[in-house]
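Chemist: A single structure is presented below for examination.
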Amino acid sequence: MSFVDVLVMFVFMLLPTLYSCSAETRGDYVRDACSVTKYPDICIHSLASFANTARQNPVLWARASVSVTLSEATNASQYLMKLGKCNSMRGRNRIALSDCIVCFQDAIDNLHDSLNVLRSLTRETFDSKIGDVTTWVSGALTDQDTCLDGFDNVQNIRQVTLVQNVVTNVTYVTSNALALVNKLATAGPESLINLHW
């Protein structure tokens, strides 16, 4: 066996170890970021793919979480609108669904505004803009809670249960995003140093 063959074999033996260390580090990044959230398991699951890029930077985690939340809210809104077109809900439930659709449109607007600011945030604008982002993400969460309130004390029908499950899932993701935005606010403009994403 030549020296090159031995070297190649050694490198291939090391690769799993190197990969597992790398995967472990990625897991540490996302676990650390999600440690401030109310629903850390959901946070880790929804943001794991951003670990390599975001690493330990709070602004990147805030961007990722708001981006994921916007996607979840948009999917939920599309589901609610499709359900509204089916005319399967009647009476009070139909009114609640209609209100819910309006709430989600407002939530999506708030999340869009938040993401746009997070993407253009600079050290100079940080202090004047981060409060807006916190307010908007908090407003999105309030919109979602308002949607759920409309279905309180209704008959236990399948469509209502599905709506409640879909909306509740989005509230968990939004709550996590708000926690990560608050973490960014605490970190301050220094978190924008060496920002590459």
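If you count by mature numbering (1 follows the signal peptide of the UniProt record, and there is no 0), then the sequence shown holds residues -23 to -1, 1 to 174, one letter each, in order. Note that CB positions come from ideal geometry on N, CA and C, so glycine has one too. All figures in this text were calculated on a predicted structure; none of them were measured in a lab.
Between GLN136 and ASN70, is the Cβ-Cβ spacing less than 9 Å?
Modeler: Yes, they are a contact pair.
Chemist: Starting from PHE81 and walking both ways along the alpha helix (DSSP H), at which residues does that stretch end?
Modeler: Segment 68 to 97, the alpha helix (DSSP H) holding PHE81.
Chemist: Spatial neighbours of THR14 within its chain, please: CB distance less than 6 Å, with the 5 preceding and 5 following residues excluded, ordered by chain position.
Modeler: Within the same chain, THR14 has close Cβ partners CYS20, ASN153, ALA156.
Chemist: Please identify the residue among GLY127, THR102, ASN29 whose C-alpha is closest to the C-alpha of SER168.
Modeler: Ranking the options by Cα distance to SER168, first place goes to THR102.
Chemist: Return yes when at least one heavy atom of the ligand GTP lies under 8 Å from the C-beta of SER168, else no.
Modeler: You won't find the ligand GTP in this model; it holds no ligand whatsoever.
Chemist: Buried or exposed: where does GLY127 fall if 16 or more other Cβ atoms within 10 Å of its Cβ makes it buried?
Modeler: Buried, since its Cβ has 16 or more Cβ neighbours within 10 Å.
Chemist: Just to confirm, are ILE85 and ALA50 a CB contact at a threshold of 9 Å?
Modeler: Contact flag set, yes.
Chemist: Thinking just about the alpha-carbon of each residue, which of SER105, GLN121, ASP109 is nearest to the one in PRO166?
Modeler: Among SER105, GLN121, ASP109, the Cα nearest to that of PRO166 belongs to SER105.
Chemist: Express the C-alpha separation of THR30 and TYR(-5) in angstroms, rounding to a whole number.
Modeler: Reliability fails at TYR(-5), whose pLDDT of 40 lies under 50, so the model's placement of it is uncertain and no value is given.
Chemist: Helix, strand or coil, according to DSSP, for TYR16 in the structure here?
Modeler: If DSSP states are grouped into helix, strand and coil, TYR16 belongs with coil.
Chemist: Given ARG40, which residues of its chain have a CB within under 6 Å of its CB, disregarding the five upstream and five downstream residues?
Modeler: Around ARG40: LEU95.
Chemist: For ASN142, which of helix, strand or coil comes out of DSSP?
Modeler: Helix, per DSSP.
Chemist: What separation, rounded to the nearest whole angstrom, lies between the Cα atoms of LEU125 and ALA28?
Modeler: Answer to the nearest angstrom: the Cα atoms are 32 Å apart.
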